[in-house]
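Protein chains in written order, with UniProt numbering: chain A, 1 to 158; chain B, 1 to 363.
Cβ coordinates follow ideal geometry from the N, Cα and C atoms, glycine included.
This one's a predicted model, so the numbers in the text were calculated from it and none came from an experiment.
Data first, discussion second: the structure below is written as structure tokens.
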């Protein structure tokens, strides 16, 4: 199992690095910031073109466990002095993201880049900047790892 | 040695003596560390020993003699009406642990400077439940379970009443703000959270794993020269099927009923967590009713309660005795915002592996 883990991630990383070097292949607005090992990667994400998040840049932290790709990675927006998470109905102020592909709808055919693109388009299609319902309660009690939260997916519109 | 210098009392062997002070005060006759200076008649440990533990006298927590009485009373409660006399030093012997059912110790060390250290110690706890179940033990709750309960209760209350943290000397953090500590809850709110969590699990849309029978009956083939599969990829590892793999197991291909092929080693771990095709979500076993993602990302705003952290059960402790228990308890704090948790979640493989339930959210 862990053989698949390292082989898959090395392959993904290699492909991302090739894509990043080639502007014609690169997913616009998504950039690999750091991938020193096969445990934690960072990306910057921005929505190009017209959107509620114009001119905003966000950082995404992706953490893997040896069960990847059979289990989804832990994905969240970085919250720091420099970068803030987007104000979005599915993004909590601690950076946790409620998206079904990170949970029940995960499939091992999905990849890190697929996650980034999904999250980017989740932002692009947002109609109204607002915090999730119950944000404060959740943030107060949230586990460090968003994978330990059991999200209920009930809103397919955004 | 001046006769006016106060004597010390050993709570382990009931000796009155002058302790050896290096490295820490310990009993000159039994080497026990549960020793107390006999300072005044009002706080005479010998008298306490004779009168037995008053447990319901409203002992004040967080300091003062009442707090200590409370602890000493608990010590006696756990170990019997009188502490058993021990002639040897060192950790509780096996007989002691076995016969008493708990082998549980509470202790307070006071240094001459007035600071105090509280010990809660028990044997390695993997056998606690077993002992309880066999009816051999006298206490249905014993050892570390009791210790955890007490610690949670005491630190929580001490914090609330504004007392200094009685466990500060051991570097403990404050009590759990939401009343949850590891697998245990201590207030109504925390219990409500657990109940909500259980109810949500009831109508969960979490994937259902494939059965062993389904998995063994899947179509398998070993790659051969000229196989049309050689032109295809495994959608899980993203590698093309090949006859030249280092591992011959990588030449065993499983084709699901929906005709999607995978390396056997790539599809089996997935089917154990979700009985679906990774490519087309064909259901090998019926899955819970589930709305497919509609649009880029379905999802929304109502998280269930955070999961109780199960990576820190006391019985997984490699150093179950003495201080090891403390650190287990500290580590089990369910809602601590301690930054070190970031690493905890990354590193130990076994913690991830506990998430063996399909769907990956809850262990």
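Reference residue i; option with closest CA among the options
i                      : options                       : result
residue 36 of chain B  : B:23, B:13, B:263 and B:9     : B:9
residue 273 of chain B : B:247, B:222 and B:212        : B:212
residue 215 of chain B : B:38, B:283 and B:34          : B:283
residue 364 of chain B : B:41, B:191 and B:281         : The structure shown has nothing for residue 364 of chain B, since chain B only spans 1 to 363.
residue 38 of chain A  : A:153, A:132, A:74 and A:103  : A:74
residue 51 of chain A  : A:99, A:66 and A:87           : A:87
residue 161 of chain A : A:89, A:108, A:28 and A:64    : This structure cannot settle anything about residue 161 of chain A, because the visible part of chain A is limited to 1 through 158.
residue 29 of chain B  : B:42, B:11 and B:43           : B:11
residue 101 of chain A : A:4, A:10, A:30 and A:152     : A:152
residue 99 of chain A  : A:83, A:20 and A:120          : A:120
residue 41 of chain B  : B:6, B:264 and B:241          : B:6
residue 205 of chain B : B:288, B:268 and B:27         : B:288
residue 65 of chain A  : A:124, A:126, A:8 and A:125   : A:8
residue 55 of chain A  : A:83, A:4, A:109 and A:62     : A:83
residue 103 of chain A : A:25, A:124 and A:71          : A:71
residue 220 of chain B : B:13, B:22 and B:260          : B:260
residue 109 of chain A : B:186, B:236, B:241 and B:262 : B:236
residue 79 of chain A  : A:69, A:132 and A:58          : A:58
residue 266 of chain B : A:68, A:33, A:131 and A:106   : A:68
residue 286 of chain B : B:279, B:208, B:223 and B:269 : B:208
residue 46 of chain B  : B:279, B:278 and B:13         : B:13
residue 34 of chain A  : A:132, A:61, A:26 and A:89    : A:61
Where residue i falls: helix, strand or coil (DSSP)
i                      : result
residue 266 of chain B : helix
residue 116 of chain A : helix
residue 46 of chain A  : coil
residue 138 of chain A : helix
residue 34 of chain A  : strand
residue 219 of chain B : strand
residue 261 of chain B : strand
residue 8 of chain A   : helix
residue 33 of chain B  : coil
residue 214 of chain B : helix
residue 283 of chain B : strand
residue 244 of chain B : coil
residue 236 of chain B : coil
residue 122 of chain A : helix
residue 17 of chain A  : helix
residue 14 of chain B  : coil
residue 131 of chain A : coil
residue 255 of chain B : strand
residue 196 of chain B : helix
residue 152 of chain A : strand
residue 3 of chain A   : helix
residue 99 of chain A  : coil
residue 63 of chain A  : strand
Neighbour flag for residue i against chain A, beta carbons, 7 Å
i                      : result
residue 8 of chain B   : no
residue 209 of chain B : no
residue 266 of chain B : yes
residue 279 of chain B : yes
residue 29 of chain B  : no
residue 257 of chain B : no
residue 206 of chain B : yes
residue 85 of chain B  : Because residue 85 of chain B sits at a pLDDT of 46, beneath the cut-off of 50, its placement in the model cannot be relied upon, and the point is left open.
residue 269 of chain B : yes
residue 19 of chain B  : no
residue 60 of chain B  : Caution applies to residue 60 of chain B, whose pLDDT of 39 falls short of 50 and renders its modelled position unreliable; the model cannot decide the point.
CB contact below 7 Å: residue i versus chain B
i                      : result
residue 104 of chain A : yes
residue 107 of chain A : yes
residue 139 of chain A : no
Count Cβ pairs between the segment 112 to 121 of chain A and the segment 34 to 51 of chain A that sit closer than 8 Å; are there 3 or more? yes
Inter-stretch contact (C-beta, 8 Å, three-pair minimum) for the segment 14 to 30 of chain B and the segment 140 to 150 of chain A: no
Closer than 9 Å between beta carbons: that is the criterion. Which residues of the segment 63 to 94 of chain A meet it against chain B? 63, 64, 65, 66, 67, 69, 70, 71, 72, 74, 89, 90 and 92
For the segment 90 to 103 of chain A and the segment 132 to 143 of chain A, state whether three or more C-beta atom pairs, one from each stretch, are separated by less than 8 Å. yes
Check distances from the C-beta atoms of the segment 1 to 26 of chain A to those of chain B and list, in chain order, the residues that come in under 9 Å. 1, 2, 3, 4, 7, 8, 11, 12 and 15
With 7 Å as the C-beta to C-beta threshold (strictly closer), list the residues of the segment 219 to 251 of chain B near chain A in chain order. 235, 236, 237 and 238
So, does the segment 225 to 241 of chain B touch the segment 249 to 269 of chain B, judging by three or more C-beta pairs under 8 Å? yes
Inter-stretch contact at 8 Å, needing at least 3 Cβ pairs: the segment 186 to 200 of chain B / the segment 237 to 253 of chain B: no
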